[in-house]
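Undergrad:
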Amino acid sequence: MASFPQELFDIIIDCLQDDRCSLVACCLVCAAWVERCRKALYQRINLYSRSDLQLLVRTCRMAHMEHHLLTLRELGLFGHGLLEPAPANPESASAPTEGEYIYRASFQIPAKFLANVERLEIRAARWSMLPSANRPSISFAVFSSVTTLLLSQCRFETFGEFRETLTAFPRLSHLNLQNLWVDTVTPPPFGHSPGHSIRLESLQIDSGCSEELCSALFRSFLRSETRRSLSRFSVKGSDKRSPSSLPSFLRILGSSLLRLDVPLSYVQGLCREAMFSQLAAVGLSGVHISGASPIVDFLSLISSNTLVVLNLSLQLELADDGIEVLVGEWWELDDLLSSDPRFCNLRMAHVEFALPYLGKQHLGSSSKDGQLEEAIAQRLSVAFSHCQSRGILHVTGNVVLKKRRLSAAANPAIASRNPN
Numbered sequence: 007m008a009s010f011p012q013e014l015f016d017i018i019i020d021c022l023q024d025d026r027c028s029l030v031a032c033c034l035v036c037a038a039w040v041e042r043c044r045k046a047l048y049q050r051i052n053l054y055s056r057s058d059l060q061l062l063v064r065t066c067r068m069a070h071m072e073h074h075l076l077t078l079r080e081l082g083l084f085g086h087g088l089l090e091p092a093p094a095n096p097e098s099a100s101a102p103t104e105g106e107y108i109y110r111a112s113f114q115i116p117a118k119f120l121a122n123v124e125r126l127e128i129r130a131a132r133w134s135m136l137p138s139a140n141r142p143s144i145s146f147a148v149f150s151s152v153t154t155l156l157l158s159q160c161r162f163e164t165f166g167e168f169r170e171t172l173t174a175f176p177r178l179s180h181l182n183l184q185n186l187w188v189d190t191v192t193p194p195p196f197g198h199s200p201g202h203s204i205r206l207e208s209l210q211i212d213s214g215c216s217e218e219l220c221s222a223l224f225r226s227f228l229r230s231e232t233r234r235s236l237s238r239f240s241v242k243g244s245d246k247r248s249p250s251s252l253p254s255f256l257r258i259l260g261s262s263l264l265r266l267d268v269p270l271s272y273v274q275g276l277c278r279e280a281m282f283s284q285l286a287a288v289g290l291s292g293v294h295i296s297g298a299s300p301i302v303d304f305l306s307l308i309s310s311n312t313l314v315v316l317n318l319s320l321q322l323e324l325a326d327d328g329i330e331v332l333v334g335e336w337w338e339l340d341d342l343l344s345s346d347p348r349f350c351n352l353r354m355a356h357v358e359f360a361l362p363y364l365g366k367q368h369l370g371s372s373s374k375d376g377q378l379e380e381a382i383a384q385r386l387s388v389a390f391s392h393c394q395s396r397g398i399l400h401v402t403g404n405v406v407l408k409k410r411r412l413s414a415a416a417n418p419a420i421a422s423r424n425p426n
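Sequential numbering of the sequence shown, starting at 7, is according to the working numbering.
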């Protein structure tokens, strides 16, 4: 391996940058890889237990490893299991588990190695029942360069504690939340300005966050710099009723948002005050095929010709006598996209449908998955043919059968016309 060209090492390492197992395997097979892979291996470190933390602390004490650890840019702190909401009887709550090491990591790892971390992911952490020395503002004070924070399956005692976690990162600009619990959610007091130091550019809420938590979060952002800086807002994995404070949140964000990806129910009923003047990409999920009017109502809030991409995720209905697809009202949407000067720059109006499989009785005598998929595709093709022949709607499909995802997008029975 001594004669192996250095540029080939670099190319292979770049290709395997996100495949740590393969990089480690290369190091185990040939010692020549060890020195060359160290930088890539230490750019991201994941800790899963107290023993992992202790091993990293010992490594930090090795003088010859210092320049490698200074390349650390991504850190993952993972607890064990899914933390459930607080029980009705506080006395039955279990004590902090192995995941407790998460709150001590910043005290045991030398600060000079954490100061350059740009992306921090925390999973299955709980601040409840911990001493005050482990409060978020103290635990995370050394992460001065973090711009991206991912919180998953975490539990907080109060909303103030959750807000304190966010404000502990002075450069935070990208926030991703998933499955969070807050034992006590109280709205920010009147006249108070919580989260004044938070200046987010993107906010993504994947799933599992309660309506109360989201509402309190949006209210706190209304008093922060986020209302002027947020350009990307996404809510995924939920088609439920939107949090009560979301309309006010979106009205204020209207002039700064570039990308919006939310369930249609989250933006239905927005008043004309919520004008979006910069939107370039919109994704709407939880849309019912039988009515395009809510989408048209929302698009009427776009006040300029900035929209380039429109993605719609549809929920189809199954009737007893087969697949019932009503697309007549979609002509209104097709006409709007094709003729309104506000959408002159629109390059893709992409429609994706998902159909739950409720039994082969809905589709006649088809007995094989392939035949079943083809039957669904053919029926949808006929239903959408009139709408597709008129304008720019581009239709593909995903059919869910027995929890196995089959793609019908490549089926010639589904037209894919996009003249623009």
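Note that the Cβ used here is the ideal one computed from N, Cα and C, for glycine as well.
Since this is a predicted model, take the numbers as computed values, not measurements.
1. Quick check on the burial criterion: 16 or more other C-beta atoms within 10 angstroms. Buried or exposed for Cys160?
2. Would Met354 count as contacting chain B if we go by Cβ distances under 9 angstroms?
3. Have a look at Leu157 and Phe149 and give me their C-alpha separation to the nearest angstrom.
4. On the three-state DSSP scale, how would you describe Val430?
5. By DSSP, does Thr232 sit in helix, in strand, or in coil?
6. Could you spell out the range, first to last residue, of the beta strand (DSSP E) harbouring Ala46?
7. Determine contact between the segment 74-86 and the segment 29-40, defined as no fewer than three beta-carbon pairs at a distance below 8 angstroms.
8. Helix, strand or coil: which one does DSSP assign to Thr173?
9. Using only alpha-carbon positions, find the residue among Ser112, Ala286, Asp24 that is nearest to Gln60.
10. Mind checking who Gly214 pairs with in its DSSP beta bridge?
11. Measuring alpha carbon to alpha carbon, tell me which of Leu172, Leu320, Val273, Val314 ends up nearest Ala286.
12. Which partner residues does Asp267 have in the DSSP bridge list?
13. As a quick exercise: from Ser254, Ile19, Arg225, pick the residue whose alpha carbon is nearest that of Arg278.
14. In three-state terms, what does DSSP make of Met71?
15. Exposed or buried, Gly289, counting other C-beta atoms within 10 Å across all chains shown (16 or more means buried)?
16. Output the distance between the C-alpha atoms of Glu231 and Cys43, rounded to the nearest integer angstrom.
17. Less than 6 angstroms between C-beta atoms, sequence neighbours within five positions excluded: which residues of the same chain meet that for His202?
18. Between the alpha carbons of Leu75 and Ala174, how many angstroms are there, rounded?
19. Span of the alpha helix (DSSP H) holding Glu163?
20. In whole angstroms, what separates the C-alpha of Asp16 from that of Ser235?
21. Return the CA-CA distance between Phe359 and Ala298, expressed in angstroms with no decimal places.
22. Since I believe Ser319 is in contact with Val293 (beta carbons under 8 angstroms), could you give me their beta-carbon distance rounded to a whole number of angstroms?
23. Buried or exposed for Pro176, going by 16 or more other Cβ atoms inside 10 Å?
24. How big is the Cα-Cα spacing for Ala46 and Asp20?
25. Which residue marks the beginning of the beta strand (DSSP E) containing Leu156, and which one marks its end?
26. DSSP three-state label for Gln184, please.
27. Per DSSP, what kind of secondary structure is Phe224 in: helix, strand or coil?
28. In whole angstroms, what separates the C-alpha of Asp58 from that of Glu124?
29. For Cys220, count the other beta carbons within 10 Å of its own beta carbon; 16 or more makes it buried, fewer makes it exposed. Which is it?
30. Which value, in whole angstroms, describes the spacing of the CA atoms of Ile204 and Leu178?
31. Beta strand (DSSP E) containing Glu80: first to last residue?
32. Specify the secondary structure class of Leu209 as computed by DSSP and reduced to three states.
33. In chain order, what residues of the same chain have a beta carbon less than 8 angstroms from the beta carbon of Asn351, not counting five sequence neighbours either side?
34. Going by DSSP, which residues form a beta bridge with Arg129?
35. For Cys33, report the span of its alpha helix (DSSP H) as first-last.
36. Give the straight-line distance between the Cα atoms of Asn122 and Pro116, rounded to the nearest whole angstrom.
TA: With the given structure in hand:
1. Within the sequence shown, the letter at position 154 stands for residue 160. Of the other Cβ atoms in all chains shown, 16 or more fall within 10 Å of the Cβ of Cys160; this residue is therefore buried.
2. Structure shown: chain B not included; a single protein chain is present.
3. Taking the first residue of the sequence shown as position 1, residue 157 is located at position 151. Taking the first residue of the sequence shown as position 1, residue 149 is located at position 143. In this structure, the alpha-carbon of Leu157 lies about 15 angstroms from that of Phe149.
4. No information on residue 430 is available, as it lies outside the stretch 7 to 426 that the chain covers here.
5. On the sequence shown, residue 232 is found 226 positions in, with the first residue counted as 1. In the structure shown, Thr232 adopts helical secondary structure according to DSSP, grouped into three states.
6. Here the question's residue 46 lines up with position 40 in the sequence shown. Careful: Ala46 lies outside any beta strand (DSSP E), inside the alpha helix (DSSP H) at 38-49.
7. Fewer than three Cβ pairs drawn from the segment 74-86 and the segment 29-40 lie within less than 8 angstroms of each other, which leaves the two stretches out of contact.
8. As a working note, residue 173 is residue 167 in the sequence shown. It is helical.
9. Residue 60 sits at position 54 when you count from the first residue of the sequence shown. Looking at the Cα atoms, Ser112 is the closest of the given residues.
10. Against the sequence shown, residue 214 aligns to sequence position 208. Beta-bridge pairing by DSSP links Gly214 to no other residue.
11. Stepping through the sequence shown from its first residue, residue 286 is reached at position 280. Checking every option, the nearest Cα to that of Ala286 belongs to Val314.
12. Numbered from its first residue, the sequence shown carries residue 267 at position 261. For Asp267, DSSP records a beta bridge to Ser240, Gly289.
13. As a working note, residue 278 is residue 272 in the sequence shown. Of the candidates Ser254, Ile19, Arg225, the residue whose Cα lies closest to the Cα of Arg278 is Ser254.
14. Numbered from 1 along the sequence shown, position 65 holds the residue referred to as residue 71. It is helical.
15. The residue labelled residue 289 in the question sits at position 283 within the sequence shown. Looking at its Cβ environment, which holds 16 or more other Cβ atoms inside 10 Å, Gly289 is buried.
16. Numbered from its first residue, the sequence shown carries residue 231 at position 225. Numbered from its first residue, the sequence shown carries residue 43 at position 37. A straight-line Cα-Cα distance of about 40 angstroms links Glu231 and Cys43.
17. Looking up residue 202 in the sequence shown gives position 196. Its pLDDT being 47, under 50, His202 is placed unreliably by the model, and nothing is read from it.
18. The residue you call residue 75 lines up with position 69 of the sequence shown. The residue you call residue 174 lines up with position 168 of the sequence shown. In a straight line, the C-alpha of Leu75 is about 23 angstroms away from that of Ala174.
19. Taking the first residue of the sequence shown as position 1, residue 163 is located at position 157. It is not in any alpha helix (DSSP H) - Glu163 instead sits in the beta strand (DSSP E) that spans 161-164.
20. Within the sequence shown, residue 16 is the residue found at index 10, counting from 1. Within the sequence shown, residue 235 is the residue found at index 229, counting from 1. The straight-line gap separating the alpha-carbon atoms of Asp16 and Ser235 is approximately 37 angstroms.
21. Numbered from its first residue, the sequence shown carries residue 359 at position 353. Numbered from its first residue, the sequence shown carries residue 298 at position 292. Distance between the alpha carbons of Phe359 and Ala298 is about 14 angstroms.
22. Along the sequence shown, read from residue 1 onward, the residue named residue 293 stands at position 287. Along the sequence shown, read from residue 1 onward, the residue named residue 319 stands at position 313. Yes, they are in contact, since the Cβ atoms of Val293 and Ser319 sit about 6 angstroms apart, within 8 angstroms.
23. Taking the first residue of the sequence shown as position 1, residue 176 is located at position 170. Looking at its Cβ environment, which holds fewer than 16 other Cβ atoms inside 10 Å, Pro176 is exposed.
24. Taking the first residue of the sequence shown as position 1, residue 46 is located at position 40. Taking the first residue of the sequence shown as position 1, residue 20 is located at position 14. Cα to Cα, the separation comes out at about 8 angstroms.
25. In the sequence shown, counting from the first residue as 1, residue 156 sits at position 150. From DSSP, the beta strand (DSSP E) with Leu156 extends over 154-158.
26. Position 178 of the sequence shown, counting from 1, holds the residue named residue 184. Strand, per DSSP.
27. Working through the sequence shown from its first residue, we reach residue 224 at position 218. Taken through DSSP and simplified to helix, strand or coil, Phe224 comes out as helix.
28. Translated into positions along the sequence shown, residue 58 becomes position 52. Translated into positions along the sequence shown, residue 124 becomes position 118. CA-to-CA, the gap between Asp58 and Glu124 works out to about 21 angstroms.
29. Position 214 of the sequence shown, counted from the first residue, corresponds to residue 220. With 16 or more Cβ atoms within 10 Å of its Cβ, Cys220 is classed as buried.
30. Residue mapping note: residue 204 aligns to position 198 of the sequence shown, counting from 1. Residue mapping note: residue 178 aligns to position 172 of the sequence shown, counting from 1. Roughly 7 angstroms between the two C-alpha positions.
31. For the purposes of this step, residue 80 is identified with residue 74 of the sequence shown, where counting begins at 1. Counting along the chain, Glu80 sits inside the beta strand (DSSP E) bounded by residues 80-84.
32. Along the sequence shown, read from residue 1 onward, the residue named residue 209 stands at position 203. In this structure, DSSP gives Leu209 an extended state, which the three-state scheme calls strand.
33. Your numbering for residue 351 matches position 345 in the sequence shown. In its chain, beyond the 5 residues on either side, Asn311, Thr312, Leu313, Val314 have a beta carbon closer than 8 angstroms to the beta carbon of Asn351.
34. The residue labelled residue 129 in the question sits at position 123 within the sequence shown. Looking at the DSSP output, Arg129 sits in a beta bridge with Phe84, Ser158.
35. Position 27 of the sequence shown holds residue 33. Per DSSP, Cys33 belongs to the alpha helix (DSSP H) from 26-35.
36. Reading the sequence shown from its first residue, position 116 is the one you call residue 122. Reading the sequence shown from its first residue, position 110 is the one you call residue 116. So the two alpha carbons sit approximately 12 angstroms from each other.
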